[in-house]
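Trainee: Numbering (our numbering), first residue to last: 19 to 145. For each residue, glycine too, the CB sits at the ideal point set by N, CA and C.
#1: For a test of the three-state rule: what should DSSP assign to residue 65, helix, strand or coil?
#2: To the nearest angstrom, how far is the alpha carbon of residue 71 from that of residue 116?
#3: With residue 94 as the anchor, note down where its beta strand (DSSP E) starts and where it stops.
#4: Could you compute how far the alpha carbon of residue 47 sits from the alpha carbon of residue 69?
#5: For residue 79, tell me which candidate among 140, 107 and 125 has the shortest Cα-Cα distance.
#6: Quick check on this structure: which residue in 42, 62, 36 and 63 has the alpha carbon closest to the alpha carbon of residue 56?
#7: For residue 53, is the classification buried or exposed, using 16 other Cβ atoms within 10 angstroms of its Cβ as the cut-off for buried?
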């Protein structure tokens with residue numbers, strides 16, 4: 019709730035993004051599930067950039083996926099992320115301030131596997 023107040027009192031979208039990134043960066047790295055670790059949050063202008071590490075598990079070998087499997091995995095990840103983001107008051111406040119959430123997913127060697135962006139319009143389309 020504290021960060022929501024800081025976002026509300028920010029004088030610009032860029033300042034709100036900066037405060038959000040600074041606040042949540044302290045809790046990183048954060049394991050999201052068996053395959054994903056949120057390693058970094060950066061703010062660049064009116065965009066928050068989330069950098070995830072993708073690792074393989076016995077159950078899911080993401081780095082071995084073919085193109086179609088990776089697209090499907092990326093879409094499933096985005097859908098899950100959207101459901102969570104669009105019900106989070108702090109994230110909605112950022113999106114209402116026209117801050118975009120850029121999601122980048124890298125393998126352990128630093129290769130970009132997939133990416134997507136979440137905007138306020140995405141949340142409006144979820145309803």
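Mentor: According to the data block:
#1: DSSP places residue 65 in strand when its eight states are reduced to three.
#2: Here the alpha carbon of residue 71 sits roughly 26 Å from the alpha carbon of residue 116.
#3: DSSP places residue 94 outside any beta strand (DSSP E); the residue lies instead in the alpha helix (DSSP H), whose first and last residues are 85-103.
#4: Looking at the two C-alpha atoms, the distance is approximately 10 Å.
#5: If we check each option's Cα against that of residue 79, 125 comes out closest.
#6: Looking only at 42, 62, 36 and 63, the smallest Cα-Cα distance to residue 56 is reached by 42.
#7: It counts as buried.
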